[in-house]
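Q:
In full-length UniProt numbering, the protein residues as written are 1 to 269.
#1: Let me know if residue 111 comes out buried or exposed under the rule of 16 or more other beta-carbons within 10 Å of its beta-carbon.
#2: Please report the Cβ distance between residue 208 and residue 44, rounded to the nearest whole angstrom; I am assuming they are in contact, meaning their Cβ atoms lie under 8 Å.
#3: Less than 8 Å between the CB atoms is what I'm expecting for residue 8 and residue 24, so what's the real figure, rounded?
#4: Any idea which residues DSSP pairs residue 187 with across the strands?
#5: Going by C-alpha distance, which of 11, 215, 113 is nearest residue 159?
#6: Grab me the residues of residue 10's own chain with a C-beta within less than 7 Å of its C-beta, minus the 5 sequence neighbours each way, in chain order.
#7: Confirm the yes/no value for this check: CB of residue 171, any heavy atom of the ligand SAH, distance under 7 Å.
#8: Taking C-alpha atoms, which residue in 202, 192, 217, 134 lies nearest to residue 35?
#9: Helix, strand or coil, according to DSSP, for residue 273 in the structure here?
#10: So for residue 49, helix, strand or coil by DSSP?
#11: Can you look up residue 113 in the DSSP assignment and give me helix, strand or coil?
#12: In the DSSP assignment, the beta strand (DSSP E) including residue 73 goes from what residue to what residue?
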C-alpha cells in the first residue's frame with residue numbers, strides 16, 4: 001500500500017502555500033532503518049547495477065516513496081535531474097581518487113540542503129555527490145528536521161555537526177516522537193554513517209558499497225532485504241529511456257548562484 005513520500009511522514013504533507021495539511025503517524029526506529037537500507041540499495045543499483053552508471057542528482061526525502069506491506073519499503077523516484085555518466089565521457093573525466101566517472105554540469109542544480117558543497121564549487125558531479133545527499137536523508141531520519149530551515153537560514157548539516165562530533169551526546173539530536181524507543185548503538189552507528197556521508201571532502205565519503213557493508217554489519221535484521229536494487233527504484237522506465245537516448249533533454253530547474261558558502265543554496269522545489 002503506497003503511503004506518500006518520506007517527506008510527508010517526517011514533516012507532514014504541505015499544500016502549495018507550504019502549509020502542513022496532514023501528517024502521518026511517526027515512523028518507528030525499525031521503519032527508519034528499513035528506509036535507510038532500501039534507499040542505499042536503490043542508489044547501489046543506479047551506481048553499479050546500471051550500465052552506464054546513473055547519478056540521481058536530487059536524492060531527498062520528497063523523492064523517496066514509501067509503501068507499507070509486511071514492512072516499510074522505500075523507493076527512489078524522480079529522475080528529472082539524473083545524468084548518465086557516459087554522456088560526453090572520456091578517460092580524463094574519471095575521478096582521480098575513486099576511478100568513478102564524473103558528470104560535468106554547466107549549472108548547479110539541486111534542492112535546498114541536499115547539494116554537495118564540492119559540486120557547488122566545481123560544477124562537477126560525482127557518485128560522492130549522491131552520497132552527500134543520502135547523508136542528509138539519514139540526518140532527517142534521525143532528527144525529523146528538514147534539510148534546510150529557510151526561516152532561520154541554516155542547513156540541517158550545519159545544525160547537526162556539533163552533535164555528530166560528540167556522538168555519545170545524541171539525545172537532544174534525536175526525533176522526540178521516537179520516545180526513546182531506539183537502540184542506542186544503532187543510533188550512534190547511523191549518526192556516524194551520516195557524518196561520513198556529509199564530509200566536505202568527497203574523497204572521505206564512503207561509496208554506496210561501503211554504506212551497504214556498514215548497514216549489513218550494524219543492522220543485521222533489516223539488511224536481509226539487500227539483494228537487487230531495481231525493486232527499490234520507482235519508474236525504472238526512466239532509466240531505460242535515458243540509457244537508450246543519451247541526448248535526452250532533462251527539465252531545467254536551475255537558479256543562478258553567485259557564491260558557494262555552505263549555507264547559501266540553490267533551490268529546486
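Don't be surprised by glycine CBs; every beta carbon is placed ideally from N, CA and C.
A: So, from the listed chains and residues:
#1: For this step, residue 111 is matched to residue 111 along the chain shown. With 16 or more other Cβ atoms within 10 Å, it is buried.
#2: What you label residue 208 is simply residue 208 of the chain shown in a count that begins at 1. What you label residue 44 is simply residue 44 of the chain shown in a count that begins at 1. Contact holds; Cβ gap of about 5 Å.
#3: Stepping through the chain shown from its first residue, residue 8 is reached at position 8. Stepping through the chain shown from its first residue, residue 24 is reached at position 24. Confirmed, Cβ separation roughly 6 Å.
#4: As a first step, residue 187 must be located in the chain shown, where it is residue number 187. Residue 187 pairs with nothing; no bridge assigned.
#5: Numbered from 1 along the chain shown, position 159 holds the residue referred to as residue 159. Residue 159 has its Cα closest to that of 113, out of 11, 215, 113.
#6: Position 10 of the chain shown, counted from the first residue, corresponds to residue 10. Cβ neighbours of residue 10 within its own chain (closer than 7 Å, five residues either side excluded): 61, 140, 144.
#7: Among the components of this structure there are no ligands whatsoever, and the ligand SAH is therefore not found.
#8: For the purposes of this step, residue 35 is taken as the residue at position 35 of the chain shown. Residue 134 is the option with its Cα nearest to residue 35.
#9: What is shown of the chain runs 1 to 269, which leaves residue 273 out entirely.
#10: Mapped onto the chain shown, residue 49 falls at position 49. Residue 49 falls in the helix class under three-state DSSP.
#11: Translated into the one-based positions of the chain shown, residue 113 becomes position 113. Of the three classes helix, strand and coil, the one that applies to residue 113 here is coil, per DSSP.
#12: Along the chain shown, one-based indexing puts residue 73 at 73. Looking at the DSSP string, the run of the beta strand (DSSP E) that includes residue 73 is 72–76.
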